[in-house]
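Per my numbering, residue 12 is the first one in the sequence shown, and the count goes up by one each step.
Each residue gets a CB set at the ideal place from its N, CA and C atoms; glycine is no exception.
Take a look at the structure below.
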Amino acid sequence: MISFVGAGPGDVDLITVKGRRLLEEADVVIYAGSLVSKEHLTFCKKGCVFYNSASMTLEEIIEVMEREALKGKNIVRLHTGDPSIYGAIKEQMDLLEQKGLEYEMVPGVSSFTASCAAIKSEFTLPGVSQTVIITRLEGRTPVPSSESLELLASHKTSMAIFLSVGSMEKAVDKLKQGYGRSDVPVAVVYKATWEDQKIIRGTLDDIAQKVKDNGIKNFAMILVGDFIDGDYERSKLYDSTFAHGFRGAAQ
Ligand code: SAH
């Protein structure tokens with residue numbers, strides 16, 4: 012069996028119980044070497060064979076999967092965070108489908124929720140925003156023009172921006188245009204949950220300079236929105252005058 016597993020953001024204890032069990036039982040692990048902690052591999056059994064996908068092409072990855080799957084081996088394809096977000100997994104799954112090879116998907120803790128936890132915040136605050144936009148600036152991968160950062164920011168929702176800290180000034184310009192103000196709170200979380208995690212807080216006004224001063228060029232999440240800092244309304248869920256299926260209203 013081939014299992015795509017989300018490794019989580021960094022801290023090895025943030026993999027799911029199922030993901031850890033699959034690692035323990037794996038004969039072969041193909042891991043995304045640039046962002047997955049190597050400490051995950053210490054949970055594998057003796058004799059498990061490791062491949063770092065950072066130095067492999069898509070075809071080479073599929074070749075290993077096919078060869079080992081046909082031998083009846085347990086194969087784990089270990090992706091950073093949650094594989095469904097910027098994981099480049101669809102192309103792998105489609106090739107496996109073509110070859111008639113079975114596979115499964117095991118989700119993981121994405122770095123955008125891990126980053127929100129690192130700054131001890133909540134994306135969806137009543138009276139602030141009830142929507143999270145996950146996006147990125149274009150790099151080698153293009154972003155459709157209908158999803159330009161300024162357009163998305165004009166909705167003034169909570170935002171989690173991946174893969175973009177290397178173009179912080181460009182991101183900030185577009186965010187200012189979209190939000191229509193420059194005092195919007197921003198937190199940049201570098202290597203969330205890793206030992207060298209760093210949190211940089213500011214606003215659209217000063218965050219680009221702070222990121223530069225800290226020498227952060229990659230491996231960081233940009234969180235934007237008033238959820239980071241500011242007023243909100245208390246939720247109805249725990250409001251004593253509000254009854255719901257599991258609790259009556261206080262008299
Ligand atoms: N599938 C992954 C994202 C892969 S794209 C997930 O769900 O998290 C790689 C980008 O994710 C990085 O450029 C960075 O923006 C973000 N990222 C991954 N791990 C991170 C971490 N521990 N802390 C902050 N950002 C992280």
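Distance cut-off 7 Å: residue i Cβ against heavy atoms of the ligand SAH
i	result
Thr91	yes
Phe238	no
Ala125	yes
Ile144	no
Asn229	yes
Ala18	no
Lys131	no
Ile96	yes
Ala203	yes
Val200	yes
Ser122	yes
Met232	yes
Leu248	no
Leu174	yes
Leu52	no
Leu46	yes
Gly21	yes
Contact under 8 Å by Cβ, residue i with residue j
i	j	result
His51	Val23	yes
Ile144	Val200	no
Arg212	Ala203	no
Gly30	Val16	yes
Phe173	Tyr97	yes
Lys215	Lys187	Checking the sequence shown, residue 215 turns out to be Leu, not Lys. For Leu215 and Lys187, yes; Cβs fall inside 8 Å.
Pro196	Ser122	no
Ala65	Gly92	no
Arg88	Ile26	no
Ile73	Leu107	yes
Phe238	Ser156	no
Ser95	Phe134	no
Glu77	Lys101	no
Leu229	Lys209	Just to set this straight, residue 229 is Asn in the shown sequence, not Leu. Not closer than 8 Å, so no.
Whole-Å CB distance - residue i paired with residue j, under 8 Å assumed
i	j	result
Leu160	Ala182	6 Å
Val154	Ile233	So it is not a contact: roughly 15 Å between Cβ atoms.
Ala18	Val47	5 Å
Ala219	Glu158	In fact, because the Cβ distance is near 22 Å, the residues do not count as touching under 8 Å.
Phe54	Tyr42	About 12 Å; that fails the 8 Å criterion.
Gly189	Ser165	4 Å
Where residue i falls: helix, strand or coil (DSSP)
i	result
Val197	strand
Ser45	coil
Gly189	helix
Leu136	strand
Val75	helix
Gly259	coil
Leu112	coil
Lys29	helix
Ala171	strand
Leu248	coil
Ala65	helix
Closer than 7 Å: residue i CB and nearest the ligand ADP heavy atom
i	result
Phe15	Of the ligands one can find in the structure shown, namely the ligand SAH, none is the ligand ADP.
Residue-chain proximity (residue i, chain C), Cβ-Cβ < 8 Å
i	result
Arg212	The structure shown contains no chain C; it is built from a single protein chain.
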